Every structure is written in C-alpha cells, then in structure tokens.
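If you count the sequence shown from 1, position 356 lands on 356 in the working numbering, and the numbers rise without skipping.
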Amino acid sequence: MSKILVINPGSTSTKIAVYANHDLLVEKTLRHSPEELAGFETITDQYEFREQIVLDVLKTHQIQVATLDAVVGRGGLVYPLEGGCYRVNAQMIRDLKAMVMGEHASNLGALIAKAIGDSIGKPAFIVDPVVVDELEPFARYSGHPELPRISIFHALNQKAVARRIAKELNKPYTECQLIVVHLGGGISVGVHKHGKVVDVNNALDGDGPFSPERSGGLPVGQLVKLCFSGKYSEAEIKKMIKGKGGLVAYIGTNDGRETVERIQAGDTKAREVFEAMAYQVAKEIGAMATVLSGKVDAIVLTGGLAYNRIFVEWVTQRVQFIAPVKVAPGEDEMAALYEGALRVLSGEEEAKDYQGHQ
C-alpha cells in the first residue's frame with residue numbers, strides 16, 4: 001500500500017491531499033488572504049510558510065510524515081520538458097529558485113515536496129507541469145521565424161484524462177490517437193499521438209478558439225492596427241487577449257451557467273456568442289484531426305465547461321463524424337498528481353530525471 005502526499009500551491013491557496021491504496025484519506029484547501037501573503041517579497045519567499053501549513057494539516061489529521069512513501073507537488077515553471085513524472089532534483093530546485101521561466105505559485109510544489117521527502121528519505125516528484133513540450137517540428141511553425149508556436153496548455157488534466165480514456169478503450173495510452181479538449185477559462189485542444197501531445201494551441205496567449213475569458217486567435221493585421229492606434233497601452237491589449245477577451249468581451253460574463261440562463265430567458269446575443277465559441281472549438285478539433293490523418297480513436301471533452309450540456313451538444317454535433325465523443329467533465333489535479341506518482345511507485349512507469357536547459 002503506497003501512501004502519497006499531494007501538494008498543489010495556488011496563488012491564494014494551498015491544496016493538500018493524502019491518498020493510500022486509491023483511497024482519499026485527507027483533502028484540504030487552505031485559503032491565504034492578501035494580508036497573510038503581503039509580507040513576502042517573492043513567491044519563493046513563501047516556501048517555509050507554506051511548508052509549515054502542509055505539516056500542520058498532517059498533524060491535525062494524525063498522519064505521521066514518516067509513514068509516507070512519496071511526496072508529489074504540482075509542477076512549476078521549469079524549462080520545457082516531455083510529459084511524465086519527474087524526480088525533484090537539485091537542478092530543478094535551482095531553476096525554480098532562479099525563476100528561469102517565470103514566477104508562479106506552482107513553483108513552490110517541488111520545493112515543498114523535496115523538503116518533506118528529504119526529511120524522511122522518501123522520493124519527491126512533479127507530474128506533467130504546464131511547460132510540457134512534445135510538439136512535432138511542423139507544429140512549431142507559425143508563419144514567421146520570429147514567432148514560433150510554443151506549447152502552453154492544461155497538460156496535467158489533459159494527460160490524466162487521456163490515460164483514463166485509453167483504459168476505457170482497452171489500449172495503452174502510448175498506442176492511442178486522441179484529441180483532448182480542455183474547456184475552462186482557457187481552452188486547449190491537444191493531439192495525443194502515441195502518448196505525446198504533438199500539437200496543441202497556446203491556450204494562454206491568443207491562439208485557437210476563443211474561451212470564456214480569452215480571445216483565442218485574432219486577425220493579425222487588425223490587431224497590429226489596434227496596437228499602434230494610440231488608444232491602448234500594452235497592458236490593455238494583453239488584457240483583451242487574456243482576462244477580458246472571449247465571452248467577457250462579447251457578453252460581459254465568463255460564466256457558462258449564467259450564459260445558459262440568459263439563453264433560456266431569450267437572450268439571442270448570448271446564444272449566438274456561446275454557439276460561436278462551440279463552433280470555434282469544433283473547427284479546432286477538425287483541424288487537429290488532420291494531424292492524425294483522420295485516424296482518431298476518440299475526441300474527449302473535459303474541464304469545467306464540459307458540465308454544460310448545451311455547449312457539449314453543439315460541439316458534439318459538429319465533430320462526431322470524426323470519432324466517438326467522450327465527456328469527462330471537470331478536472332481533478334490532486335488525483336492526477338497522485339496517479340502520476342503511483343505509476344512510478346507501482347513500477348508501471350519510470351520516473352524521469354530533469355536535465356534543465358538543453
């Protein structure tokens with residue numbers, strides 16, 4: 001029986017879970033007020049404060065640290081790497097502390113996991129961080145060498161859901177050809193080819209379908225004119241792309257449930273915009289199917305918006321001719337992290353060694 005501690009630090013919260021033999025023993029989300037975090041100059045400075053919170057939760061639930069078999073943290077902004085479960089090593093700690101790819105609360109996951117793991121002589125891991133990059137060479141081309149396409153997507157949830165669907169199909173993940181669509185505040189459409197995400201839209205930064213709060217791909221010429229119109233600052237343009245784009249820009253909300261309520265109340269504009277978003281998602285799925293030459297085992301819809309029946313139906317109607325559509329709503333990052341570490345402890349998978357910048 002493997003007992004595994006899972007740590008998922010967010011910008012204003014720390015999520016903690018303990019699993020043993022597939023059973024969830026403890027799950028706790030601790031919120032941090034702005035006042036609590038105000039005394040820390042950088043996110044890395046919060047490391048000891050957050051570690052103590054984790055240890056306090058274990059103590060409260062009478063779980064002795066020494067009984068753990070492994071600790072797994074949410075992967076942070078390290079250098080791009082292949083998907084999988086990685087041992088937290090000295091190189092990774094150095095890169096996270098140096099913020100080589102940026103500062104984010106998820107950087108604390110590996111730091112805390114390593115500290116607790118080392119204290120009991122047990123391994124510390126991270127699983128499928130957002131910087132997972134398995135793009136094939138063709139997928140990196142954009143149309144200009146100054147602007148290569150990059151891999152930023154919901155890697156942890158996409159990979160976890162893809163593995164679950166592979167089991168349903170009675171095939172190893174490494175033999176499947178899937179299109180996985182994460183429907184959240186951002187939308188990512190990934191091509192999973194034999195265990196690697198060989199093409200995916202940049203769900204963060206103006207690529208692919210528009211989403212509840214992101215613009216997706218925009219007409220480049222018009223965007224350039226807007227940038228040099230003198231009406232907007234760089235920060236305002238960036239906010240149009242991420243935060244105030246998509247549904248927010250068109251109908252003033254990023255909430256799919258509220259949008260459906262408005263549609264049911266007769267709001268024709270809300271209906272048109274919501275269906276246009278489904279249309280763009282379907283179009284992206286169609287484009288990604290060509291990467292697999294149309295040989296797709298399944299199309300998988302996941303994330304919070306996959307609970308939205310109307311939206312799922314609109315997408316399904318347009319893409320079901322390509323492959324069966326499977327719906328796996330929501331996202332469970334804690335279970336995904338646990339499953340990643342368990343695959344290593346059970347011998348199903350080998351842990352990878354982080355090399356840093358190649």
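Beta carbons are placed, not taken as given, at the ideal position from N, Cα and C, and that holds for glycine. None of these values were measured; they are calculated from a predicted model.
**Message:** Considering only DSSP beta bridges, list what Asp353 is partnered with.
**Reply:** Arg87
**Request:** Tell me, to the nearest whole angstrom, how far the beta carbon of Phe125 is from that of Arg87; I am working on the premise that it is less than 8 Å.
**Result:** 6 Å
**Message:** Looking at the secondary structure, which residues open and close the alpha helix (DSSP H) in which Arg343 lies?
**Reply:** 333 to 345
**Residue span of the alpha helix (DSSP H) that contains Leu55, given as start and end** = 47 to 60
**Prompt:** How big is the Cα-Cα spacing for Lys122 and Tyr338?
**Reply:** 15 Å
**Message:** At the level of alpha carbons, what is the spacing between Val8 and Tyr307?
**Reply:** Checking the sequence shown, residue 8 turns out to be Asn, not Val. Taken atom to atom, the span from the alpha-carbon of Asn8 to that of Tyr307 is near 23 Å.
**Item:** DSSP bridge partner residues for His192 (one or two, in chain order)
**Value:** Leu178, Val197
**Prompt:** Should Leu96 and Leu81 be called a contact, given that it needs their Cβ atoms to be closer than 8 Å?
**Reply:** no
**Asked** Is it true that the stretch 211 to 228 meets the stretch 253 to 261, where meeting means three or more beta-carbon pairs spaced less than 8 Å apart?
**Response** yes
**Message:** Under 8 Å: do the stretch 126 to 137 and the stretch 146 to 154 share three or more Cβ pairs, one atom per stretch?
**Reply:** yes
**Request:** Check whether the stretch 279 to 293 touches the stretch 178 to 185, counting contact only when three or more Cβ pairs, one atom from each stretch, lie closer than 8 Å.
**Result:** yes
**Request:** Go through the stretch 261 to 303 residue by residue and report every complete run of the beta strand (DSSP E) that reaches 3 residues or more, in order.
**Result:** 298 to 303
**Asked** What is the residue span of the alpha helix (DSSP H) that Lys225 lies within?
**Response** 220 to 227
**Asked** Quick one: Cα of Gln320 to Cα of Glu103, how far?
**Response** 40 Å
**Asked** So, are the CB atoms of Ala289 and Val296 less than 8 Å apart?
**Response** yes
**Asked** For Leu342, does the count of other Cβ atoms within 10 angstroms reach 16, so buried, or fall short, so exposed?
**Response** The residue is buried, with at least 16 neighbouring Cβ atoms inside 10 Å.
**Asked** Under the three-state reduction of DSSP, which class applies to Asn386: helix, strand or coil?
**Response** Outside the displayed span of the chain (1 to 358) sits residue 386, for which this structure offers no information.
**Asked** Start and end of the beta strand (DSSP E) containing Lys239?
**Response** No beta strand (DSSP E) holds Lys239; the alpha helix (DSSP H) holding it covers 234 to 241.
**Prompt:** Do Leu156 and Ala127 come within 8 Å of each other at the CB atom, strictly closer than that value?
**Reply:** In the sequence on display, residue 127 carries Val and not Ala. The answer is yes: Cβ separation under 8 Å.
**Message:** Nearest by alpha-carbon distance to Pro34: which of Leu24, Gln46, Leu25 is it?
**Reply:** Gln46
**Request:** Within its chain, find whatever has a CB closer than 7 Å to the CB of Leu421; leave out the 5 residues flanking it on each side and keep chain order.
**Result:** Not covered by the structure: residue 421. The range shown for the chain is 1 to 358.
**Message:** If you measure between the beta carbons of Trp314 and Glu275, is that distance less than 8 Å?
**Reply:** yes
**Prompt:** Quick one: what's got a C-beta closer than 7 Å to Leu169's C-beta in the same chain, skipping five residues either side?
**Reply:** Cys176, Asp297, Ala298
**Prompt:** From this set, Val248, Ala139, Lys167, which residue's C-alpha is nearest Asn201's C-alpha?
**Reply:** Ala139
**Prompt:** Are the beta-carbon atoms belonging to Val359 and Leu301 less than 8 Å from one another?
**Reply:** Absent from the structure is residue 359, since the part of the chain shown begins at 1 and ends at 358.
**Prompt:** Can you tell which of Met99, Lys3, Ile43 has the C-alpha that lies nearest to the C-alpha of Ser11?
**Reply:** With distances taken between Cα atoms, Ser11 lies closest to Ile43.
**Request:** Have a look at Met92 and Leu55 and give me their C-alpha separation to the nearest angstrom.
**Result:** 22 Å
**Asked** Does the beta-carbon of Lys159 have 16 or more other beta-carbons within 10 angstroms, so that it is buried, or is it exposed?
**Response** buried
**Asked** What is the residue span of the beta strand (DSSP E) that Arg74 lies within?
**Response** 70 to 74
**Message:** Excluding the 5 residues flanking Ala328 on each side, which residues of the same chain have their C-beta closer than 8 Å to its C-beta?
**Reply:** Val161, Arg164, Ile165, Val300, Leu301, Thr302, Ala306
**Message:** Strictly by DSSP, which residues pair up with Gly185?
**Reply:** Answer is none; Gly185 lacks a bridge partner.
**Supposed contact pair Lys231 and Leu204 - C-beta distance, whole angstroms, cut 8 Å** = The Cβ separation is near 24 Å, so there is no contact.
**Item:** Leu135 and Met101 closer than 8 Å at C-beta
**Value:** Not in contact: Leu135 and Met101 (Cβ atoms no closer than 8 Å).
**Request:** Determine which residues share a DSSP beta bridge with Ile251 and list them.
**Result:** The partner list for Ile251 (beta bridge, DSSP) is empty, contrary to what the question assumes.
**Prompt:** For Gly294, which option in Ile322, Gly143, Gly245 has the closest C-alpha, if you only look at C-alpha atoms?
**Reply:** Cα-wise, what sits closest to Gly294 is Ile322.
**Message:** Taking the straight line between their C-alpha atoms, what separation do you get for Ala270 and Gln52?
**Reply:** 46 Å
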